[in-house]
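> Protein chains in written order, with the working numbering: chain A, 532 to 766; chain B, 532 to 766; chain C, 532 to 766; chain D, 532 to 766.
After the structure tokens below, expect a handful of questions from me.
Number of protein chains: 4
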Amino acid sequence: MTVTGKKSISETPDLFSRLREACADEWRVYTDHDFVRGLADGTLPEACFRHYLGQDFLFLIHFARAYALAAYKGDNLGDIRQAAASLSAILDVEMDLHVKFCSRWGLDEDDMAALPEAEETMAYTRYVLEKGLQGDLLDLHVALAPCILGYAEIGRTLAESPATRLEGNPYAPWIDMYASDQYQAVAEDERATIERLMARRGSPGRLPVLTETFRQATRLEAALWDMGMHAVDRS
Amino acid sequence: MTVTGKKSISETPDLFSRLREACADEWRVYTDHDFVRGLADGTLPEACFRHYLGQDFLFLIHFARAYALAAYKGDNLGDIRQAAASLSAILDVEMDLHVKFCSRWGLDEDDMAALPEAEETMAYTRYVLEKGLQGDLLDLHVALAPCILGYAEIGRTLAESPATRLEGNPYAPWIDMYASDQYQAVAEDERATIERLMARRGSPGRLPVLTETFRQATRLEAALWDMGMHAVDRS
Amino acid sequence: MTVTGKKSISETPDLFSRLREACADEWRVYTDHDFVRGLADGTLPEACFRHYLGQDFLFLIHFARAYALAAYKGDNLGDIRQAAASLSAILDVEMDLHVKFCSRWGLDEDDMAALPEAEETMAYTRYVLEKGLQGDLLDLHVALAPCILGYAEIGRTLAESPATRLEGNPYAPWIDMYASDQYQAVAEDERATIERLMARRGSPGRLPVLTETFRQATRLEAALWDMGMHAVDRS
Amino acid sequence: MTVTGKKSISETPDLFSRLREACADEWRVYTDHDFVRGLADGTLPEACFRHYLGQDFLFLIHFARAYALAAYKGDNLGDIRQAAASLSAILDVEMDLHVKFCSRWGLDEDDMAALPEAEETMAYTRYVLEKGLQGDLLDLHVALAPCILGYAEIGRTLAESPATRLEGNPYAPWIDMYASDQYQAVAEDERATIERLMARRGSPGRLPVLTETFRQATRLEAALWDMGMHAVDRS
């Protein structure tokens, strides 16, 4: 690729790149959080991880609802089918994987389902759903982006970083899960969906609102790591 | 059944029985419509049936959206899973069956997808979706009931009626489809869902609004048969 | 204005002009409908007008709901205030005017509120509301446009047309109402809102969906005139 | 009141009393919070109050949206008119009062509108809105109840408590505002609305979900006081 070509690309970057750059500070706080560092080197207190895992199960329920909402909001049969496939994947595959993963940490599905939902879990999930109801399908997917694309970036970055300790790290399976080709492919699909929706329903005029949505959603994702860290104080 | 038993049942009938009885006139107009009679004896003009079939394909798209909405509106994981399973069944099974059925009538999926949506198709589908958004899951399912339970009743009644001509009737496969054990089971599930939601979220105080919803939805279903009948005038 | 200037304007027309041009056939059917012609020359049977008026009262209730929805969906305080002002105007001013207008035709508010809602009234109103919930504020306002801007165009056109008979025409007050400076100003505000939302949230990529919305909404408005015409057959 | 009377009342208490009793722990944490105690004796650090006030302005915007949503979700014209009147009161009266109140603390409207929304502000407001969209008008009002009825109880309790210091207490005007007859009347209206909706749309079967909604909303209200307290750590 020529320098000129590179420049012209950087002049019209894709939506996700723009959003991440516009919210660089919030994105760094989220993706380079102490919780993430503690996963990378295995120093995260187990209580923090277990608290996070339980809430992540409750999170998944509302995450499924977000894709149901996306299916409702589709402009055409293609949109509906795609969102319904994601909904099925969450309910029929991811939730089982999550439950199996959690059982290795001594967390039982029924116990998790009975947990009180943390304020931080409510905050991010309801923010995403309400944004999707207030706005359109693009607003909804931009609110979801920090979750899916952020976890993919965190997984990939940790897996590639020399600072990450995988041997003897109890959190290595978590890193593997999000660094896996399977999860990376899910994130690539989500990213493609966002760009396709930007082409179809987006415009420069929408960038301020979309950026604000991305910024707020990123902050609420970081607050979920904070929640995990505070589990030690609470216990 | 003893008289006492009958009486005690009629004192607390299930919701669907109450709604059908409260809207008996509208229900009869819908289930005993000339379009239905024309299906039963095979005299329905082909143009009417083909027009109806094409619109029914567009209907199915919004019907899928209604179950996506139901999944979003679920109070718990069980609700979400059930609605998501219905959504998958519509998109992955029923739509294919419908397309195959239509191909026997010379209707191609792409052609159907490109049809202008009839006013009557918009009327019922958007009524259901909007009612579901304005109200709760019970309001949504009551708006859906005339469709699913009405078709099951029509299919069963036609299949059992001596007046129905099945031999040489080009509409016999349509009658078979809705009289089939498979479709009857779908309708039984829907009916059970409505009763379960009535037990969980319903009350006598809600009956006036639920009855009005059922009445309006039934009238809009009958209008879809009218639409089919008028296809002859238009052609 | 020079020809060049004119041309450059026609190259980038405002959204409403584009939509009206893209749906020219449907727009003509709606704005030049027999019902409208019957209002213009006073030949519309009174039964048609009275049926229409009663339904228009029920229409107004859902029209109010549409502005409540717009207030909910606002991106900022300005959006919310503007929609809330429209909502107040409908509930506190327009509805009273409508009731007074109807009383001159012997229609009482309570009687109108108890009317069964016509299929056509349900169709347009629920279409608008559901489109607004599925999409964003721009989708909602485009679905509302045929109503507000269409009535303004009809009122203005009838008032200016030499073919319109105002003397001795029982429908002259109706024409005056929609040709009035007050109503024309309401329509201008709505038009400005649509253009402002197009600048903020619109894009060329949204035109196909917005055009389809405008086309469907225009057809459903025309169906309301049809409903009025059919009142004679029913009575 | 006789013992019999008392007993019969406690057998069928109103919905709000039931919810408050079922969530007694959470309600106490919220209404007897250190932030509230600091308001009562004037010891709350000014930074805490100012941080809270700024966020409360952002809160009001979404509170207005909640009443717009209530107007959309109304089952009849009475519901719509009542919610629209609340929406107008918030936008045309309460917001001005709030701005005037804040100006005495050196907070300017434009500055407040430009504040980053705190996680806690997003959490409660979006929870209410999303609950209202997922459920019906009763679900929405139960999610709003801890805010309106809680503030009325706090205002009244503080005004009546001998432990409260009003002289020389910079927060006395805040206490006066929520203890005022005007605000108490607003809260009474809200309480009557909840009971009326419970009679019309409620049932014993809905109590578990309604209680969970009330509990979560109460916790998210308490989190807003926490947010205020933490302002000292942040500054």
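Backbone N, C-alpha and C fix where the C-beta goes; we use that ideal spot for every residue, glycine too.
Residues in its own chain within less than 7 Å of residue 553 of chain A by CB, not counting five upstream and five downstream?
Closer than 7 Å at Cβ, skipping near neighbours: 742.
> Interface residues of chain A around residue 660 of chain D at Cβ under 7 Å?
661, listed in chain order.
> Strictly below 7 Å CB to CB, what residues from chain A border residue 731 of chain B?
By Cβ distance, chain A contributes nothing, its closest Cβ being about 17 Å from residue 731 of chain B, past 7 Å.
> Give me the subset of the segment 587-618 of chain D whose CB atoms are less than 9 Å from a CB atom of chain C, sorted by chain position.
The segment 587-618 of chain D vs chain C, Cβ under 9 Å: 592, 595, 596, 597, 598, 599, 600, 601, 602, 603, 604, 605, 607, 608, 611, 612, 614, 615, 616, 618.
> Can you tell me whether residue 634 of chain B is buried or exposed, with buried defined as 16 or more other CB within 10 angstroms of its CB?
With fewer than 16 other Cβ atoms within 10 Å, it is exposed.
> Assign residue 747 of chain D to one of two classes, buried (16 or more other C-beta atoms within 10 Å of its C-beta) or exposed (fewer than that).
By the 10 Å Cβ count, residue 747 of chain D comes out buried.
> Please list, in chain order, the chain A residues whose beta carbon lies closer than 8 Å to that of residue 622 of chain B.
Ordered by position in chain A, the residues that pass the 8 Å Cβ test against residue 622 of chain B are 611, 612, 615.
> Which complete beta strand (DSSP E) runs does the segment 584-665 of chain A hold, if anything under 3 residues is left out?
Runs of the beta strand (DSSP E) inside the segment 584-665 of chain A: none found.
> Could you please tell me which residues of the segment 722-750 of chain D, in chain order, have their CB closer than 7 Å to any CB of chain B?
From the segment 722-750 of chain D, only 730, 731, 732, 733, 734, 736, 737, 740 have a Cβ closer than 7 Å to chain B.
> Cβ of residue 644 of chain B less than 8 Å from any chain A Cβ?
It does; some Cβ of chain A falls within 8 Å.
> Using the rule of at least 16 other Cβ atoms within 10 Å of the residue's Cβ for burial, across every protein chain shown, is residue 686 of chain A buried or exposed?
With 16 or more Cβ atoms within 10 Å of its Cβ, residue 686 of chain A is classed as buried.
> Against chain D, does residue 540 of chain A count as a neighbour if the rule is that its beta carbon must be under 8 Å from one of theirs?
Annotation note: pLDDT 45 at residue 540 of chain A (below 50); position unreliable, no value reported.
> Could you pull out every residue in the same chain whose Cβ sits closer than 8 Å to the Cβ of residue 695 of chain D, ignoring the five residues on either side in sequence?
Taken in chain order, the residues that qualify are 571, 572, 689, 706.
> I need the straight-line Cα distance from residue 547 of chain A to residue 725 of chain A, nearest angstrom please.
Distance between the alpha carbons of residue 547 of chain A and residue 725 of chain A is about 8 Å.
> Taking beta-carbon pairs under 7 Å, can you tell me which members of the segment 662-688 of chain B lie near chain C?
Of all residues in the segment 662-688 of chain B, 664 have a Cβ within less than 7 Å of some Cβ in chain C.
> Whole-angstrom Cβ separation of residue 680 of chain C and residue 718 of chain C, contact assumed at under 8 Å?
Yes, they are in contact, since the Cβ atoms of residue 680 of chain C and residue 718 of chain C sit about 5 Å apart, within 8 Å.
> Closer than 8 Å is the cut-off here; do at least three beta carbon pairs connect the segment 614-629 of chain B with the segment 602-620 of chain A?
Yes, the segment 614-629 of chain B is in contact with the segment 602-620 of chain A.
> What's the gap between the Cα of residue 617 of chain A and the Cα of residue 750 of chain C?
Taking the straight line joining both Cα atoms gives about 35 Å.
> Under the rule that 16 or more other beta-carbon atoms within 10 Å means buried, what is residue 848 of chain B, buried or exposed?
Since the first residue shown for chain B is 532 and the last is 766, residue 848 of chain B is missing from the structure and cannot be characterised.
> Can the beta-carbon of residue 702 of chain C be found less than 8 Å from the beta-carbon of residue 580 of chain C?
Yes, the Cβ-Cβ distance between residue 702 of chain C and residue 580 of chain C is below 8 Å.
> Assign residue 532 of chain A to one of two classes, buried (16 or more other C-beta atoms within 10 Å of its C-beta) or exposed (fewer than that).
Unreliable placement is indicated for residue 532 of chain A, whose pLDDT of 33 sits below 50; the coordinate value is still reported in the next sentence. By the neighbour-count rule (16 or more Cβ atoms within 10 Å), residue 532 of chain A is not buried but exposed.
> Rank C:615, C:591, C:676 by C-alpha distance to the C-alpha of residue 744 of chain C and give the top, closest one.
Nearest option by C-alpha distance: C:676.
> When DSSP labels each residue in this structure, what does residue 755 of chain C get in the three-state scheme?
Helix at residue 755 of chain C.
> Compute the Euclidean distance between the alpha carbons of residue 582 of chain A and residue 600 of chain A, then round it to the nearest angstrom.
Approximately 28 Å between the Cα atoms of the pair.
> With distances taken from CA atoms, which of B:763, B:752, B:663 is nearest residue 740 of chain B?
Cα-wise, what sits closest to residue 740 of chain B is B:663.
> Is DSSP giving residue 694 of chain C helix, strand or coil here?
Coil.
> Determine whether the Cβ of residue 653 of chain A lies closer than 8 Å to any Cβ atom of chain D.
Judged by the 8 Å Cβ criterion, residue 653 of chain A is in contact with chain D.
> Along the alpha helix (DSSP H) that carries residue 546 of chain C, what are the first and last residues, could you check?
It spans 546-553 - the alpha helix (DSSP H) in which residue 546 of chain C sits, taken as one unbroken run.
> Which same chain residues end up closer than 7 Å to residue 596 of chain C when comparing Cβ atoms and leaving out the 5 residues on each side of it in sequence?
Only 660 meet the Cβ criterion.
> For the candidate residues A:605, A:752, A:673, A:700, whose alpha-carbon lies nearest to that of residue 729 of chain A?
Of the candidates A:605, A:752, A:673, A:700, the one whose C-alpha sits nearest the C-alpha of residue 729 of chain A is A:673.
> I need the straight-line Cα distance from residue 754 of chain D to residue 647 of chain D, nearest angstrom please.
Spanning the two alpha carbons is a distance of roughly 17 Å.
> Which same chain residues end up closer than 7 Å to residue 654 of chain B when comparing Cβ atoms and leaving out the 5 residues on each side of it in sequence?
Closer than 7 Å at the Cβ level, and outside the excluded window around residue 654 of chain B, lie 751, 754.
> Am I right that residue 576 of chain D and residue 763 of chain D are in contact with their C-beta atoms under 8 Å? What's the rounded C-beta distance?
That belief holds up - the Cβ atoms of residue 576 of chain D and residue 763 of chain D are roughly 5 Å apart, short of 8 Å.
> Given a threshold of 16 other Cβ atoms within 10 Å of its Cβ, counted over all protein chains shown, does residue 732 of chain B qualify as buried or as exposed?
When all chains shown are included, residue 732 of chain B counts as buried.
> Applying the criterion that 16 or more other CB atoms from any shown protein chain within 10 Å of the CB defines a buried residue, is residue 555 of chain D buried or exposed?
Exposed, by the Cβ-count rule.
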